[in-house]
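**Q** Sending over a structure as structure tokens; questions will come in a sec.
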Amino acid sequence: MAVTPASDTVLYANGVVVTMDDDSSEHAPGWVMTDGATIAAVGAGPEPDAATRVDLHGAVVTPGLVNTHHHLYQTLTRTRAQQADLFTWLRELYPVWSRIDAEAEYAAARAGLAELALSGCTTVFDHHYVFPRGRGGLIEAEVQAARELGVRIVASRGSMDLGVSDGGLPPDELVEDLDAVLAETERLAAALHEPGAGAHVQIAVAPCSPFSVTGRLMEESAALARRLGLPLHTHLAETLEEEAYCVELYGCRPVEYLERLGWLAGDVWCAHCVHLSARDIEQFARTGTGVAHCPTSNLRLGAGVAPVREMLDAGVRVGLGVDGSASNERGDLFLEVKQALLVARGRGGGGAMTARDAIRLGTRGGAAVLGRDDIGSLEPGRCADFAVWRSDGLELGGADDPVAGIVFAGPQRVDRLVVGGREIVRDGALVHADEAEIAQAHRFQARRFAR
Ligand SMILES: [Zn+2]
Numbered sequence: 000m001a002v003t004p005a006s007d008t009v010l011y012a013n014g015v016v017v018t019m020d021d022d023s024s025e026h027a028p029g030w031v032m033t034d035g036a037t038i039a040a041v042g043a044g045p046e047p048d049a050a051t052r053v054d055l056h057g058a059v060v061t062p063g064l065v066n067t068h069h070h071l072y073q074t075l076t077r078t079r080a081q082q083a084d085l086f087t088w089l090r091e092l093y094p095v096w097s098r099i100d101a102e103a104e105y106a107a108a109r110a111g112l113a114e115l116a117l118s119g120c121t122t123v124f125d126h127h128y129v130f131p132r133g134r135g136g137l138i139e140a141e142v143q144a145a146r147e148l149g150v151r152i153v154a155s156r157g158s159m160d161l162g163v164s165d166g167g168l169p170p171d172e173l174v175e176d177l178d179a180v181l182a183e184t185e186r187l188a189a190a191l192h193e194p195g196a197g198a199h200v201q202i203a204v205a206p207c208s209p210f211s212v213t214g215r216l217m218e219e220s221a222a223l224a225r226r227l228g229l230p231l232h233t234h235l236a237e238t239l240e241e242e243a244y245c246v247e248l249y250g251c252r253p254v255e256y257l258e259r260l261g262w263l264a265g266d267v268w269c270a271h272c273v274h275l276s277a278r279d280i281e282q283f284a285r286t287g288t289g290v291a292h293c294p295t296s297n298l299r300l301g302a303g304v305a306p307v308r309e310m311l312d313a314g315v316r317v318g319l320g321v322d323g324s325a326s327n328e329r330g331d332l333f334l335e336v337k338q339a340l341l342v343a344r345g346r347g348g349g350g351a352m353t354a355r356d357a358i359r360l361g362t363r364g365g366a367a368v369l370g371r372d373d374i375g376s377l378e379p380g381r382c383a384d385f386a387v388w389r390s391d392g393l394e395l396g397g398a399d400d401p402v403a404g405i406v407f408a409g410p411q412r413v414d415r416l417v418v419g420g421r422e423i424v425r426d427g428a429l430v431h432a433d434e435a436e437i438a439q440a441h442r443f444q445a446r447r448f449a450r
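Heads up: the sequence shown begins at 0 in numbering that gives the first Met the number 0, then just goes up one per residue.
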């Protein structure tokens, strides 16, 4: 007797399936079967029965990309301080950013998240650290935008408490009181954080950087995060100026500073890590500290190129980030996959990174950095989060390896994006929102912001 397939099952068939499992299995042609929000089976050969069958016509299927570092609000301030290094850029932009409010944040988040979704990204970490006095609802606005578009978000309650009059970089009017930061972080975690597998909204604790946060707030943030079971994030070792700043103010280099604060640990990941020594890399590997590699932003600000090959060889967890759109005007995570490959080869030669290594950084690597084992690969029981990339366009003509082709010839717009079994991009267009309306509302807010 034939068994009737469960009504929630969907078979995505006739694709090139890149699982990113432990064995780097690929199925060509292959299929992915979802059952509601999770993956039921992945394979090649005879197709299982499912309630619905979708033919992918030879398209490449990868796990959904995971963005491990971003500042969504910065979509409002692209192309500023075009020739500046990090500190000059920040000093020019802090006063502009101080105008952020919930209305602008919502428009910025919708635009940034839409751009990421259209680049194949299913999970976004956002590092928000600008909280002007008297403006509430900023994190809630981001979370609302993510829910509407259908992407998973890890939103951080970031912070700055070291103003210019105390030796920090940000203006005094943009820094907050330490107790207020911690209380607000705890409130947001109680209201929004979903623990466990399949979470769509999570909260991280993310003081901004060594040059904008006191050591005491770093320590108390870590204590709070560990009490509440939240992940910890900060910027680190982005530029040589930052290193000189740390040596002058704290008497040590950035990684040693983090170690003193109890921040080298498996629940921590740091953005950039461009200027790590061999000993620093060994420390990251030994302690399980993760890295968000943001190659385009690092090039845009002339910061340098992170030693990612060395990190991977040492066993460091590494994911990719687009970083904010004021230092990487293109919020396309697949561009970072390609960029990671190119800069690794620029440092270490043609053998330094394969196309599949680069896809792994953007998927499984990012999931590991965020401490998530429910996303990042296509395996039974994991969340049904995946991206479908057409292989029949002009760019891939003549490519005898479509998986390498989407990297070398990338980026391209994702054809279909599935999050928790739900399609949020179909035929290269957002399913639950209107791209043109988002772009128009975003421009309106950006003009209001600039005035
Ligand atoms: Zn950043």
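Built from N, CA and C at the ideal position, the CB exists for glycine as well.
Since the model is a prediction, treat every value here as computed from it, not as a measurement.
#1: Excluding five sequence neighbours on each side, which residues of the same chain lie with their C-beta closer than 8 Å to the C-beta of F448?
#2: May I ask whether a heavy atom of ligand 1 can be found less than 7 Å away from the beta carbon of T84?
#3: Output yes or no for whether 8 Å exceeds the beta carbon distance between V290 and V317.
#4: Look up M32 in the DSSP assignment and say whether it is helix, strand or coil.
#5: With a CB to CB cut of under 8 Å and the five nearest residues on each side skipped, what residues in its chain are close to T362?
#6: For A5, which of G350, A50, D426 has the nearest alpha-carbon?
#7: DSSP puts W268 in a beta bridge; with which residues?
#8: For S97, which of helix, strand or coil comes out of DSSP?
#9: Just the C-alpha distance for P194 and G419, rounded to the nearest angstrom, thanks.
#10: So, are the CB atoms of A264 and H232 less than 8 Å apart?
#11: Taking buried to mean at least 16 other C-beta atoms within 10 Å of its own C-beta, is M0 buried or exposed?
#12: In whole angstroms, give me the CA-to-CA distance for V17 and A398.
#13: Quick check on this structure: which residue in A40, H69, A113 has the alpha carbon closest to the alpha carbon of A425?
#14: Rounded to whole angstroms, what's the CA-CA distance from A445 to I437? Just pull it up for me.
#15: Suppose you measure from the CA of R442 to the CA of S326; what does that come to, to the nearest Å?
#16: Excluding the 5 residues flanking E422 on each side, which residues of the same chain have their C-beta closer than 8 Å to its C-beta?
#17: For R359, which residues from the same chain have a beta carbon less than 7 Å from its beta carbon, with the 5 sequence-adjacent residues on both sides left out?
#18: What ranges does the beta strand (DSSP E) occupy inside the stretch 344-404, keeping only unbroken runs of at least 3 residues that lie completely in it?
#19: Please state whether the Cβ-Cβ distance between A236 and H192 is less than 8 Å.
#20: What's the C-alpha gap between S208 and T122?
#21: Is the stretch 327-343 in contact with the stretch 289-309, if contact means three or more CB pairs nearer than 8 Å?
#22: Ordered along the chain, which non-local residues of its own chain (more than five positions away) have a Cβ less than 6 Å from that of A357?
#23: For a test of the three-state rule: what should DSSP assign to D322, helix, strand or coil?
#24: Would you say W88 and A101 are within 8 Å of each other, going by their C-beta atoms?
#25: Is any non-hydrogen atom of ligand 1 found closer than 7 Å to the C-beta of W70, if you look at the structure I gave you?
#26: What runs of the beta strand (DSSP E), each 3 residues or longer, lie entirely inside the stretch 187-264?
#27: Spell out the partners DSSP gives R156 in its beta bridges.
#28: What would DSSP say about P169, mapped onto helix, strand or coil?
#29: So, is E141 buried or exposed, given that buried needs 16 or more other C-beta atoms within 10 angstroms?
#30: By the DSSP assignment, the beta strand (DSSP E) with P62 in it spans what residues?
#31: Work out the CA separation of L260 and G214 for me, nearest whole Å.
#32: Is it buried or exposed, T238, if we count other Cβ atoms within 10 angstroms and call 16 or more buried?
#33: Measure the C-alpha to C-alpha separation of D279 and L55 and round it to an integer number of angstroms.
#34: Kindly indicate which three-state DSSP category T295 falls into: helix, strand or coil?
**A** On the basis of the supplied data:
#1: L75, T76, V95, R98, I99, A103
#2: What sits at residue 84 in the sequence shown is Asp, not Thr. For ligand 1, not one heavy atom lies less than 7 Å from the Cβ of D84.
#3: yes
#4: strand
#5: M19, T61, P62, G63, L64, V65, G375, S376
#6: A50
#7: H232, G289
#8: coil
#9: 16 Å
#10: no
#11: Bear in mind that a pLDDT of 46 at M0, under 50, signals an unreliable position, so the model cannot answer this.
#12: 17 Å
#13: Checking the sequence shown, residue 425 turns out to be Arg, not Ala. R425 has its Cα closest to that of A113, out of A40, H69, A113.
#14: 12 Å
#15: 18 Å
#16: R415, L416, V430
#17: M19
#18: 385-388
#19: no
#20: 23 Å
#21: yes
#22: V336, A339, L340, V406
#23: coil
#24: no
#25: A small correction: the amino acid at residue 70 is His; Trp does not occupy that position in the sequence shown. Indeed, a heavy atom of ligand 1 lies less than 7 Å from the Cβ.
#26: 200-206, 231-235
#27: H127, V204
#28: coil
#29: buried
#30: 59-62
#31: 7 Å
#32: buried
#33: 45 Å
#34: helix
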